[in-house]
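Following: one structure in C-alpha cells, then a few remarks.
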Amino acid sequence: MLDIKLIRENPALVRQALEKRGETFTPENILKADERYRRLLRQVELLRAKHNETSKQLGKAKEKPPELITEMRDLGEQISTLQQETSQTKKELNSLLLRIPNMPHPSVILGKDESDNIVVRTWGEPKTFPFKPLPHWELGEKLGIIDFHRGVKLSGRRFYVLTGMGACLQRALITFMLNLHIEHGYKEIYPPFMVKQECMIGSGNLPKFSDNLYHDVEDDFWFIPTAEVPMTNLHRNEVLDVKVLPLYYVAHTACFRREKMAAGKDTRGIKRGHQFDKVELYKLTEPEKSADELEKLVGDAEEVCRRLAIPYRIVQLCTGDLGFAACKTYDIEMWAPGCAEWLEVSSCSNCSDFQARRTNIRYRPESGAKARFVHTLNGSGLALPRVLIAVLENYQQPDGTILIPEALQPYMKIVVS
RNA sequence: GGAGGGAUCGCAUAGUGGUCUAGUGCGGCCGCCUGCUAAGCGGUUACUCCGAGAAAUCGGGGUCGUGGGUUCAAAUCCCACUCCCUCCGCCA
112 MLDIKLIREN PALVRQALEK RGETFTPENI LKADERYRRL LRQVELLRAK HNETSKQLGK
172 AKEKPPELIT EMRDLGEQIS TLQQETSQTK KELNSLLLRI PNMPHPSVIL GKDESDNIVV
232 RTWGEPKTFP FKPLPHWELG EKLGIIDFHR GVKLSGRRFY VLTGMGACLQ RALITFMLNL
292 HIEHGYKEIY PPFMVKQECM IGSGNLPKFS DNLYHDVEDD FWFIPTAEVP MTNLHRNEVL
352 DVKVLPLYYV AHTACFRREK MAAGKDTRGI KRGHQFDKVE LYKLTEPEKS ADELEKLVGD
412 AEEVCRRLAI PYRIVQLCTG DLGFAACKTY DIEMWAPGCA EWLEVSSCSN CSDFQARRTN
472 IRYRPESGAK ARFVHTLNGS GLALPRVLIA VLENYQQPDG TILIPEALQP YMKIVVS
C-alpha cells in the first residue's frame, strides 16, 4: 500500500513512478475520496466533542434537565448518520489504495516487459555433453523417480508424484538449503499453509489476484502460494525493537497455485504445478538498509547454486515486469541443458514499506521515537521442483543415471535394501 | 463438536450505568535526599487519527480482545465472533 500522504502531496510523482511499470494511475478518485473522508471526519469529531461535553454536564447534574437529554439525543442521531457515511468513504478509499502496486525503486531499469530485463551476471559455463542431454521428464520416467501418470490419477493435470530416489533427492535439497541458510543467520520457521484472508491482503495477493489462489469456502482459509504470505504476516500489528532488526527467516513450505493465468504454458514436466515445495528467505529491515539487504539476499540464494555447481545467471527485472508488491527484483535462473532453458529458481524482491503498511509492522528507532514502517524482502532460496530439474539435467550420465552433487551427498546416504 | 471460566495501561490488579480525565502497586524514565549500598521523597509513564504550527507543542476524536446492540450516557448491561484456560468427545 502506498502512503496516502504521498499521493495527496505529490500525485504527479506517484503517477510518474507507476507509469514506469506500465500502470495508468489516476489519482482523482483517491484524492476525492480522501478529501471527502477527512471532511466528514472533521464534522463527526466536532459533533462528538459537543456530545461528550453535554454528556459530562448531564452526568454532573442532579436533576436531569430534559432539554439536555433532547440535545444529546439529537446529537447522537446526527453522529450516527455522519459516522456511517464516514466509514463508508474510508472503506472506499482503502479499497482503492489496496489495488495500487508498489512504486519501482529509482535504480530499476526502465522497460515494458520480460524482454527488457537484463542479465546482471552469470556464473559457470553450461556443461557440454558428449551425448544429447535428456529433459527431466524423460530422465524422471526412465529412472522411475517421477510418476506423471499416477499424479494425474490422483489429482489431475499439473500434478506428479516423486517416488523413491526422486522424493529422497528433493528432501535432501530441502535439508541442504535450510541448513545452508541457517548457517547464514536465518531463523527457521514452520508456518501454517492455510491462512486468513487478511494475511493475503497483507502480502498483496488479495484483493487483486484471487484467481491464482486456492480458497476453502467452508472455513474461509486461503492456501499459501508462497511462504512469503505467512512470513509477511508473522509480525502483523507489532512494533519491533530496533535491536532485533534485521530479522532473517527461512521456511520450507508447500506452495499452492491455481495457475489459471498460465494455462497451457509449461505443461510438460514438473516446472509448473499446482503444488510445489519451496525454501523461502524473508527479511525485515530498517528502510535505509533494505537496498543492501536485497543484494545480500540474492547472494545467499545464489550460494545454493554455487554449492550445487550449477550454472546460473542473475536477471534484474525491468520496471514493467515487477511484481505487485516489489520495488526491485532479481531473478535467479539455473541452466537446464535437457530442456535447454534458463529456469527461474528464485525471485528476490525488496518490497520496501509496501507490505509493512498493509500489515502494520513497525519498529521504534529509539525509545520514545515515533514508530516507522519496516521494509520487507523475500526471495526463494530456492524453488524445489526447478532445482530438481536442474540437478537431474546437469548431472545426468551417459547411461541415464544421475550423479549426486557433492553438496547433497551427505543428505543422500541411505541404504537401499 | 459440547459444558464452564476468562480477556482492563509494559506486568499485576481495582473498577456492577454519569464524579473514569480508567485508580493502585510493580517495573521503566527524570530529579531530590542520603558520604557507599539498601531504602526514602517528588514527578513522569501508551498507541493512533484529524486539525493548527517552521518546530517544540497545542486543540479535538478514537482505543478497556473484535464487531454490533440497548441507553440521553457503556470498561460496566445484551448479542455475535476471536483468542486463552479447565473439563468431556474425537483425533495424528
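By the working numbering, the letter at position 369 of the first sequence is numbered 480, and the numbering carries on one by one without gaps.
C-beta: ideal position from N, C-alpha, C; glycine also.
When the beta-carbon positions are compared, Asn344 and Gly313 come within less than 8 angstroms of each other. Segment contact: the stretch 115 to 122 against the stretch 138 to 153, three or more CB-CB distances shorter than 8 angstroms; contact assigned. Here Asp330 carries a coil assignment [DSSP, helix/strand/coil]. For Ser401, the enclosing alpha helix (DSSP H) covers residues Ser401 to Leu419.
Residue state for Asp224 is assigned as coil, using DSSP reduced to three classes.
Arg483 places its beta carbon 8 angstroms or farther from that of Trp453. Going by DSSP, Val230 is part of no alpha helix (DSSP H) but of the beta strand (DSSP E) stretching over Ile229 to Trp234. Contact between Ile515 and Met523 holds, since their C-beta atoms are separated by about 5 angstroms, short of 8 angstroms.
Judged by DSSP secondary structure, Phe387 falls within the beta strand (DSSP E) whose first and last residues are Gln386 to Thr396. Of the residues assessed, Asn213 falls on the buried side of the cut-off, its CB having 16 or more other CB atoms within 10 angstroms. In this structure, Thr200 lies away from Arg159, with their beta-carbon atoms at least 8 angstroms apart. Comparing alpha carbon positions, the residue from Thr396, Gly277, Glu391 and His363 closest to His346 is Thr396. Annotation for Asp185: the continuous alpha helix (DSSP H) segment containing it runs Pro177 to Leu208.
Sequence-distant Cβ neighbours of Gly449 in its own chain, meaning closer than 6 angstroms and more than five residues away, are Pro244, Leu245, Pro246, His247 and Glu504.
Under a 10 Å Cβ-count criterion, Leu408 is classified as buried, with 16 or more other Cβ atoms of the shown protein chains found around its own Cβ. Cβ neighbours of Gln508 within its own chain (closer than 8 angstroms, five residues either side excluded): Leu514. If you ignore the 5 residues before and after Ser401, its C-beta comes within less than 7 angstroms of the C-beta of Asn461, Ser463, His486 and Leu488, all in its own chain and listed in chain order. Collapsing the DSSP output to three states places Met305 in a strand.
For His486, the three-state secondary structure derived from DSSP is strand.
Taking the C-beta atoms as reference points, Ile443 is found no nearer than 8 angstroms to Ala501.
Ranked by Cα distance from Ser166, the first of Arg150, Glu178, Met183 and Val155 is Met183. Inter-segment contact for the stretch 315 to 323 and the stretch 374 to 393 is absent: fewer than three beta-carbon pairs are separated by less than 8 angstroms. Considering only Lys253, Pro521 and Met311, the residue with the shortest C-alpha distance to Ala283 is Pro521.
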